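Asks:
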Amino acid sequence: FVVGSSGIGKSALVRAVQEPILRRRGYFAAGKFDQYNRDIPFSSLVQAFRDLLRQILTEDRNRFGMYKTRLMEALASEGRVMTEVIPEVELFIGSPPAIVELPPADNRERFIRIFKRFIHVFAHQDHPLVIFLDDLQWADTATLELLVAMFENEVPSAFLFMGAYRDNEVDATHPLIRTIGQLENKGAKLERIELGPLTLENIGALVGGALRCSSTDVEELAQIIFDRTGGNPFYCTRYLQSLHDD
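Just so you know, the sequence shown maps onto residues 245 to 490 in this note's numbering.
Structure representation (structure tokens):
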């Protein structure tokens, strides 16, 4: 989990993971929660996996064929559970047969079981899988429950989940914080990276790099930017841009 206030650089830091993952022929798929669509279950996860499947569809036929076989074996006769939430799955397995309607609680258990199988299809040592969900402070309840279930039993060693959230928008009673507590209780290996504002020295280096001069030449300007922005990286770059535009 990467934690910090808005504009502090959480998403930028996580996306820096993409390059080493791609070098190992791995996959990086991302989704982002929306403050105004919190009533849509699994919206961010669906977004991430649709992105992943589209990546695979652009690759050579051999790799596509490999995933087609793996998906058909993993989903078997329950493929419709996934195609109903991620339509792109149908491009791999065709139109699956109808499934038996179950009571809501049983339906949820079935979805979680099939979804965990689905993840195992893509996470292998020869192609690691990183799933990144941004703005977790706005995550829906169904996604948080699924997140806990994903780490209940054996998790593929080549699978990394990364999430970012604004710690100034959550408290001890927030559903996300309770979910993180549940993950810890289940023994999940968690790491929390907390991002703070840039220092005056950091801003001097940033401005010096932007203007192609030494940081000592821009000390006054760096101090002004630091005072105006409090060291928030997003505000720093926007303020520099506004000065350039003026």
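Ideal Cβ placement from N, Cα and C applies to all residues, glycine included. No experiment lies behind these values; they were computed from the predicted model shown.
For a test of the three-state rule: what should DSSP assign to residue 407, helix, strand or coil?
Replies: Locating residue 407 in the sequence shown gives position 163, counting from the first residue. Residue state, collapsed to three classes: strand.
Asks: Hey, would you say residue 291 sits closer than 9 Å to residue 274, going by beta carbons?
Replies: Here the question's residue 291 lines up with position 47 in the sequence shown. Here the question's residue 274 lines up with position 30 in the sequence shown. Yes, these two residues count as a Cβ contact at 9 Å.
Asks: With three or more C-beta pairs closer than 8 Å as the rule, is the region 350 to 364 touching the region 317 to 328?
Replies: yes
Asks: Roughly how many whole angstroms lie between the Cα atoms of residue 249 and residue 455?
Replies: By 1-based counting over the sequence shown, the position of residue 249 is 5. By 1-based counting over the sequence shown, the position of residue 455 is 211. The C-alpha of residue 455 is placed about 27 Å away from the C-alpha of residue 249.
Asks: Between which residues of its own chain and residue 336 is the CB-CB distance below 7 Å, once the five residues before and five after are set aside?
Replies: Taking the first residue of the sequence shown as position 1, residue 336 is located at position 92. These residues qualify, in order along the chain: 311, 312, 315.
Asks: Roughly how many whole angstroms lie between the Cα atoms of residue 458 and residue 485?
Replies: One-based indexing of the sequence shown puts residue 458 at position 214. One-based indexing of the sequence shown puts residue 485 at position 241. Roughly 19 Å separates the two Cα atoms.
Asks: Just mark residue 260 as buried or exposed, buried being the case when its beta carbon has 16 or more other beta carbons within 10 Å.
Replies: Mapped onto the sequence shown, residue 260 falls at position 16. Exposed, by the Cβ-count rule.
Asks: Whole angstroms are fine: how far does the CA of residue 488 sit from the CA of residue 373?
Replies: Stepping through the sequence shown from its first residue, residue 373 is reached at position 129. Stepping through the sequence shown from its first residue, residue 488 is reached at position 244. Taking the Cα positions, residue 373 is about 40 Å away from residue 488.
Asks: In whole angstroms, what separates the C-alpha of residue 247 from that of residue 269?
Replies: Taking the first residue of the sequence shown as 1, we reach residue 247 at position 3. Taking the first residue of the sequence shown as 1, we reach residue 269 at position 25. About 28 Å.
Asks: If you pair each beta-carbon of the region 340 to 347 with each one of the region 366 to 383, do three or more pairs fall below 8 Å?
Replies: no
Asks: Out of 400, 380, 452, which has the shortest C-alpha to C-alpha gap to residue 423?
Replies: The count along the sequence shown starts at 1 and reaches residue 423 at position 179. Here the closest residue by C-alpha is 380.
Asks: Output the distance between the C-alpha atoms of residue 354 and residue 396, rounded to the nearest integer angstrom.
Replies: As a first step, residue 354 is located in the sequence shown; it is residue number 110 there, counting from the start. As a first step, residue 396 is located in the sequence shown; it is residue number 152 there, counting from the start. Taking the straight line from one Cα to the other gives about 15 Å.
Asks: Near residue 366, what residues of its chain come up, given a Cβ to Cβ distance below 7 Å and the 5 sequence neighbours on each side ignored?
Replies: Your numbering for residue 366 matches position 122 in the sequence shown. Only 271, 296, 373 meet the Cβ criterion.
Asks: Taking Cβ positions, are residue 340 and residue 319 nearer each other than 9 Å?
Replies: Within the sequence shown, numbered from 1, the residue matching residue 340 stands at position 96. Within the sequence shown, numbered from 1, the residue matching residue 319 stands at position 75. For residue 340 and residue 319, yes; Cβs fall inside 9 Å.
Asks: Considering only their Cβ atoms, is the gap separating residue 293 from residue 301 smaller than 9 Å?
Replies: Residue mapping note: residue 301 aligns to position 57 of the sequence shown, counting from 1. Residue mapping note: residue 293 aligns to position 49 of the sequence shown, counting from 1. No, they are not a contact pair.
Asks: Determine which residues share a DSSP beta bridge with residue 438 and list them.
Replies: On the sequence shown, position 194 is the one that residue 438 refers to. DSSP lists 247 as partners of residue 438.
Asks: May I have a chain-ordered list of the alpha helix (DSSP H) segments no shorter than 4 residues that lie completely inside the region 301 to 374?
Replies: 305 to 319, 324 to 327, 334 to 337, 348 to 366
Asks: Assuming the contact rule is C-beta atoms closer than 8 Å, residue 436 and residue 277 should be a hit. Round their C-beta distance to whole Å, please.
Replies: Here residue 436 refers to the residue found at position 192 of the sequence shown. Here residue 277 refers to the residue found at position 33 of the sequence shown. Their Cβ separation, rounded to whole angstroms, is 19 Å, which puts residue 436 and residue 277 out of contact at 8 Å.
Asks: For residue 402, which option in 368, 475, 258, 333 has the closest C-alpha, if you only look at C-alpha atoms?
Replies: Position 158 of the sequence shown, counted from the first residue, corresponds to residue 402. Measuring from the Cα of residue 402, the nearest candidate turns out to be 368.
Asks: Just curious, the beta strand (DSSP E) that residue 273 is in, first and last residue?
Replies: Within the sequence shown, residue 273 is the residue found at index 29, counting from 1. Counting along the chain, the beta strand (DSSP E) containing residue 273 begins and ends at 271 to 276.
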